[in-house]
Ligand code: URA
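In the working numbering, the protein residues as written are 1420 to 1688.
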């Protein structure tokens, strides 16, 4: 049996505590589904995801968008996205050839989730699995992110998940500066449209590319801001797979987010 993850324990704890604290903000359906098959903790999550109508990327990647113009580069070499809706933006991104990453991609991983999410996660870029499926965070790191989301008392469908770059960097290298710069207008427009209350930055790359800051070790767990939106930098789930002892730090960071969003235990008065 797979070793129990720190986040599995948190989810289990939430499940037991919900009977003691009647006003706890845990969605019963989430907990029930999660524990439907406890030995394989991520499976119910996966099943739930595959039965969901939401994954816009999957839907959209199958839908050609003939009415939407290909991206136009401004004199500064940036794309014009200011007036695009989320669906228009996706259609444009799916045709994007602005940087060299387009040549080796299988799919464009636009991002997915609730277009009105109060909570948004931003990673660095698609890996092999994401590139195959056209969806963000569906590999091993994604399974851990799913657990983090559920431990935060959300479902994956309630949040929005995106990346700094939308095409896979070869051999999972970090996105380069020019690649991030070409792709960032898409993400910035996504943020503007989704308008979350909190953005969680997963690791050093989104911290660098969205906020222009280095030092994830020092800056994780400290509230920051992007265009008036609260930002919480924390470690990337792929780092947590290599360094599970850091999960406790991440949980501390995520609890700050939960507290801000009202996802806290409330004892009966
Ligand atoms: N890592 C990321 O940063 N993003 C993904 O979508 C998958 C893995």
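Think of the CB as a built atom: it goes at the ideal place given N, C-alpha and C, for glycine as much as any other residue. Model, not experiment: these values are computed from the prediction.
The C-beta separation of residue 1543 from residue 1625 comes to about 6 Å, placing the pair in contact by the 8 Å criterion.
Linking residue 1662 to residue 1511 through their CA atoms gives a straight-line distance of about 37 Å. Beta bridge pairing from DSSP links residue 1531 with 1580.
For residue 1534, the closest C-alpha among the options 1608, 1679, 1630 is that of 1608. For residue 1656, the CB contacts under 6 Å within the same chain, skipping 5 residues up- and downstream, are 1560, 1563, 1564 in chain order.
Excluding the 5 residues flanking it on each side, residue 1594 has same chain C-beta neighbours closer than 7 Å at 1543, 1544, 1583, 1584, 1588, 1624, in chain order. Of the heavy atoms belonging to ligand 1, at least one sits nearer than 6 Å to the Cβ of residue 1546. Using a 10 angstroms sphere on the CB of residue 1671, the tally of other CB atoms stays under 16, which defines it as exposed.
The residues 1525, 1526, in chain order, have a CB closer than 8 Å to that of residue 1551 in the same chain once the five nearest residues on each side in sequence are set aside. Considered as a whole, the segment 1507-1574 harbours 1538-1542 as its complete beta strand (DSSP E) runs of no fewer than 3 residues, in chain order. In the DSSP assignment, residue 1606 falls outside any beta strand (DSSP E) and lies within the alpha helix (DSSP H) extending over 1596-1613. A residue is called buried when at least 16 other Cβ atoms come within 10 angstroms of its Cβ; residue 1628 meets this threshold and is buried.
The Cβ atoms of residue 1520 and residue 1586 sit closer than 7 Å to each other.
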